[in-house]
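Colleague: Chains as they are written, first to last, in the numbering used here: chain H, 1 to 414; chain Z, 415 to 697.
First, the structure itself, so that you have it in front of you.
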């Protein structure tokens, strides 16, 4: 009998001790090598700093996650899940599946001080209905990558305004160089150009209204964007057979000095450098101003962490989100990812001029767009990008394309 | 004799043959040559557009190293074996028995059953995609090696049965009758007489099924979601980076994936060719 009692007490002890030590369940889509390594690092560090918390981490396949998250947020919610900022999180926020974490953004009582101040520039893309719904931990910049040597050889300086930019294209074209390379086989590259033209012509708020379906595609403001686009497409400033090439294949003319610029994300730098370009002949500049006076918003797809509203261990989940927002943690994560931290107090790997330029640009950005296919719903995005590609190949069909997109808009945002 | 041996044809035809054979061979082998060349390049060469020229660096070993260290390639290879070998054993064992029964016993539904087996071969598997996925999901075998193996066994047994039935049918009936006269049980006949005689057919089938299943991509992607059960053909896509298609690693990985069936082919070449023609003219 004694033995039984002792073993019962021991069992009870074990049970109660496990329930005391919190288990934090984290679901992520970080199946690719670098993001996986980054999360391995984060979780190890978090467990070291919080010995009372045991993390259970489920890695989902990057593509499959988009489906799985809809299921598990409802049926088997983890305590933390990663996702994306902006309109991508809108359906989950509307369905009440994400926890409001505005208190973390307001709280200034923890180690790193004021989050709202250090991440002010990213707050807009985390805000829906005046509240914040997650913490951003990494992003990367978009902009124009260019061949410095080709610019120098043709006496072009980095264009700051639209007129300069168009003039630079004209000079390059006259010199027999393709001004802008692009590979639109998989469509999305065209959206990068469209987003920037719209952000610079009409501003961030209009761009968000458009991607949220509040503005018709036949709106004169959208026409104005295509007027600007015409100035590049009609004189043939883009790579000629772009519809046959992937974004990666369109790097080749730039490496070989046949094309001078690429409107692209920072991930283009690695393959360009591997193919032999150096900091001396490869440069980066911010997409030039079009309508003077419009605050400069940038394209910066942001990865975020959220607490599902049905999470079991919200206390530790909050600790994890605060941890993820810290400058030192973001610095380390982004060193592994080769991307940019959102916290302004973080620094980036020394000696990388592209990261440095991106950090400066984004820290001073008015707001962050998440990229057309994240800001607009999937169906609208896919039709939209098809339309952009068709327009770039046949600029004369512009009116028809916009009317078609308007029809899609009315169907999608019903 | 058909086809007429080439050295009995007119001299002009012989020359045409001698000229076009190497040319068509080269055309056929260009893609494979391309993969071999790409597997020793770095990504830099590919981005710079140097696809067919001399590689600027020889990177075969570093590519191989990357293939095996950056991704669970070893696990994928093991998974491929875990899928292929049980399927091969299962399908061949089942079809030996069905083939024996359909070839030797006269019963009413014999032909119908045989036709059902054959008909299975004519159903395009794209049609089966959704029902099979739902079925495995409901049984609880979705995303498991067992599920994939069971499906492959079921699907391959049709073809194997056709093959074995025709082979056994062509064996001299007297052997079986003699054994029966001596009082051998039916199982004993199967085990002691039929199986040893069908050994060449079994070997040929094993080689065929091994290559079929090893090279399967479709069902692996339909029925398997995670790394834990992914065979190598479908696992190759994990060699791509988050942003970049790593053509050099994909090529190296494809070569690694192709090695086992190639080895199997050369070891069992005789059986393989026999397998393609065995039973084809008998019915």
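Just so it is clear, CB atoms sit at the ideal spot from N, CA and C, and this is done for glycine as well.
Here the structure is a predicted model, which is why all the values come from computation and not from measurement.
1. Whole angstroms is fine: what's the gap from residue 289 of chain H's alpha carbon to residue 171 of chain H's?
2. Let me know the secondary structure DSSP gives residue 682 of chain Z once reduced to three states.
3. For residue 635 of chain Z, would you say it is in contact with chain H, using Cβ-to-Cβ distances shorter than 7 Å as the test?
4. Give the residues of chain Z in contact with residue 432 of chain H, contact being defined as C-beta atoms less than 8 Å apart.
5. Is residue 541 of chain Z close to chain H? Criterion is C-beta to C-beta, closer than 7 Å.
6. In three-state terms, what does DSSP make of residue 101 of chain H?
7. Using C-beta distances below 8 Å, list every residue in its chain close to residue 590 of chain Z, excluding the 5 sequence neighbours before and after it, in chain order.
8. Provide the residue span of the alpha helix (DSSP H) that contains residue 146 of chain H, from first to last.
9. For the segment 114-122 of chain H against the segment 141-154 of chain H, do three or more pairs of beta-carbon atoms, one drawn from each stretch, fall closer than 8 Å, so that the two count as touching?
10. Just to make sure I have the definition right: I need the residues of chain Z whose C-beta is within less than 7 Å of the C-beta of residue 138 of chain H. Which are they?
11. Using a Cβ-Cβ distance cut-off of 7 Å, determine whether residue 462 of chain Z contacts chain H.
12. Once the 5 residues before and after residue 455 of chain Z are set aside, which same chain residues still bring their CB inside 7 Å of it?
13. Starting from the beta carbon of residue 477 of chain Z, find every residue of chain H whose beta carbon is closer than 8 Å, and list them in chain order.
14. Name the DSSP bridge partner or partners of residue 308 of chain H?
15. Quick one: is residue 40 of chain H near chain Z, going by C-beta distance under 7 Å?
16. Using a beta-carbon distance below 7 Å, is residue 267 of chain H in contact with chain Z?
17. Note down the Cα distance separating residue 137 of chain H from residue 347 of chain H, rounded to an integer number of angstroms.
18. Listing by chain order, which chain A residues have their CB less than 8 Å from the CB of residue 251 of chain H?
19. DSSP three-state label for residue 109 of chain H, please.
20. Excluding sequence positions up to five away, which residues of its chain have a Cβ less than 6 Å from the Cβ of residue 194 of chain H?
21. So that I know if they touch, is there some Cβ in chain Z lying closer than 7 Å to that of residue 410 of chain H?
22. Name, please, each residue of chain H whose Cβ falls closer than 8 Å to the Cβ of residue 457 of chain Z.
23. Tell me the rounded alpha-carbon separation between residue 597 of chain Z and residue 588 of chain Z.
24. Assuming residue 563 of chain Z and residue 504 of chain Z make a contact with CB atoms under 8 Å, what is their CB distance in whole Å?
25. With a Cβ-Cβ cutoff of 7 Å, do residue 284 of chain H and residue 145 of chain H count as a contact?
26. Among residues of its own chain, excluding the 5 on either side of residue 335 of chain H, which ones have a beta-carbon nearer than 6 Å to its beta-carbon?
27. List, from N- to C-terminal side, the beta strand (DSSP E) runs of 3 residues or more that fit wholly inside the segment 170-224 of chain H.
28. Mind checking residue 379 of chain H: buried by the 16 CB within 10 Å criterion, or exposed?
29. Under 7 Å, Cβ to Cβ, is there at least one residue of chain H near residue 701 of chain Z?
30. Residues of chain Z with CB closer than 8 Å to the CB of residue 255 of chain H, please, in chain order.
31. Give the DSSP bridge partners of residue 316 of chain H, in chain order.
32. Given a cut-off of 7 Å, decide if residue 80 of chain H and residue 56 of chain H are closer than it, judged by their beta-carbon atoms.
33. Whose C-alpha, out of H:234, H:214 and H:202, is nearest the C-alpha of residue 223 of chain H?
34. Measure how close the beta-carbons of residue 395 of chain H and residue 233 of chain H come, nearest whole angstrom, since I'm counting them as under 8 Å.
35. Since residue 373 of chain H meets chain Z, which of its residues come closer than 8 Å, beta carbon to beta carbon?
36. Provide the residue(s) that pair with residue 132 of chain H in DSSP beta bridges, ordered along the chain.
Modeller: Reading off the structure:
1. Taking the first chain and counting its residues from 1, one reaches residue 289 of chain H at position 289. Taking the first chain and counting its residues from 1, one reaches residue 171 of chain H at position 171. Cα-Cα distance, rounded: 19 Å.
2. Within the second chain, residue 682 of chain Z is the residue found at index 268, counting from 1. The answer is coil: DSSP assigns residue 682 of chain Z none of H, G, I, E or B.
3. Locating residue 635 of chain Z in the second chain gives position 221, where the first residue counts as 1. Not an interface residue.
4. With chain H covering 1 to 414 only, the question about residue 432 of chain H has no answer from this structure.
5. For the purposes of this step, residue 541 of chain Z is taken as the residue at position 127 of the second chain. So no, residue 541 of chain Z is outside the interface.
6. Position 101 of the first chain, counted from the start, is the residue given in the question as residue 101 of chain H. It is coil, neither helix nor strand.
7. Start at 1 with the first residue of the second chain, and residue 590 of chain Z comes out as number 176. The residues are 518, 603, 607 and 608.
8. One-based indexing of the first chain puts residue 146 of chain H at position 146. Where residue 146 of chain H is concerned, there is no enclosing alpha helix (DSSP H), although the beta strand (DSSP E) it sits in stretches over 142-147.
9. no
10. Residue 138 of chain H sits at position 138 when you count from the first residue of the first chain. Those do not exist, as residue 138 of chain H stays about 12 Å from chain Z at its closest Cβ, beyond 7 Å.
11. Taking the first residue of the second chain as 1, we reach residue 462 of chain Z at position 48. Yes, because at least one Cβ of chain H sits closer than 7 Å to the Cβ of residue 462 of chain Z.
12. Along the second chain, one-based indexing puts residue 455 of chain Z at 41. So the qualifying residues of the chain are 469, 473 and 662.
13. Position 63 of the second chain, counted from the start, is the residue given in the question as residue 477 of chain Z. Within 8 Å Cβ-Cβ: nothing; residue 477 of chain Z doesn't reach chain H, min ~13 Å.
14. Sequence index remark: in the first chain, residue 308 of chain H carries index 308 (1-based). Looking at the DSSP assignment, residue 308 of chain H forms a beta bridge with H:98.
15. Along the first chain, one-based indexing puts residue 40 of chain H at 40. No, because no Cβ of chain Z sits closer than 7 Å to the Cβ of residue 40 of chain H.
16. Looking up residue 267 of chain H in the first chain gives position 267. Judged by the 7 Å Cβ criterion, residue 267 of chain H is in contact with chain Z.
17. Counting from 1 along the first chain, the entry for residue 137 of chain H is found at position 137. Counting from 1 along the first chain, the entry for residue 347 of chain H is found at position 347. For residue 137 of chain H and residue 347 of chain H, the distance between alpha carbons rounds to 13 Å.
18. Checking the listed chains, one finds no chain A in this structure; the protein chains it contains are H and Z.
19. Locating residue 109 of chain H in the first chain gives position 109, counting from the first residue. At residue 109 of chain H the pLDDT is 48, less than 50, meaning the model places this residue with poor confidence; the figure from the coordinates comes in the next sentence. The answer is coil: DSSP assigns residue 109 of chain H none of H, G, I, E or B.
20. Translated into positions along the first chain, residue 194 of chain H becomes position 194. Excluding residues within five positions, the ones whose Cβ falls inside 6 Å are 388.
21. Working through the first chain from its first residue, we reach residue 410 of chain H at position 410. No, residue 410 of chain H does not count as interfacial toward chain Z.
22. As a position in the second chain, residue 457 of chain Z is number 43, starting the count at 1. Near residue 457 of chain Z (Cβ distances below 8 Å), the residues of chain H are 271, 274 and 275.
23. As a first step, residue 597 of chain Z is located in the second chain; it is residue number 183 there, counting from the start. As a first step, residue 588 of chain Z is located in the second chain; it is residue number 174 there, counting from the start. Going from the Cα of residue 597 of chain Z to the Cα of residue 588 of chain Z covers about 14 Å.
24. For this step, residue 563 of chain Z is matched to residue 149 along the second chain. For this step, residue 504 of chain Z is matched to residue 90 along the second chain. Rounded, the Cβ-Cβ distance is 7 Å, consistent with contact.
25. Here residue 284 of chain H refers to the residue found at position 284 when the first chain is read from its first residue. Here residue 145 of chain H refers to the residue found at position 145 when the first chain is read from its first residue. Result yes, Cβ atoms of residue 284 of chain H and residue 145 of chain H sit closer than 7 Å.
26. As a position in the first chain, residue 335 of chain H is number 335, starting the count at 1. Cβ within range, chain order: 349.
27. 178-181
28. Locating residue 379 of chain H in the first chain gives position 379, where the first residue counts as 1. Burial call: exposed.
29. Not covered by the structure: residue 701 of chain Z. The range shown for chain Z is 415 to 697.
30. As a first step, residue 255 of chain H must be located in the first chain, where it is residue number 255. Result: 461, 462 and 463.
31. Sequence index remark: in the first chain, residue 316 of chain H carries index 316 (1-based). According to DSSP, which records beta bridges pairwise, residue 316 of chain H is partnered with nothing at all.
32. Taking the first chain and counting its residues from 1, the one referred to as residue 56 of chain H is at position 56. Taking the first chain and counting its residues from 1, the one referred to as residue 80 of chain H is at position 80. Not in contact: residue 56 of chain H and residue 80 of chain H (Cβ atoms no closer than 7 Å).
33. Walking along the first chain from the start, residue 223 of chain H turns up at place 223. When each option's Cα is compared against that of residue 223 of chain H, the closest is H:202.
34. Taking the first residue of the first chain as position 1, residue 395 of chain H is located at position 395. Taking the first residue of the first chain as position 1, residue 233 of chain H is located at position 233. Right, their Cβ atoms sit about 5 Å apart.
35. Residue numbering aside, residue 373 of chain H sits at position 373 when the first chain is read from its first letter. Per Cβ cutoff of 8 Å: no residues; residue 373 of chain H is ~15 Å from chain Z at best.
36. Counted from its first residue, the first chain places residue 132 of chain H at position 132. Answer is H:127, bridged to residue 132 of chain H.
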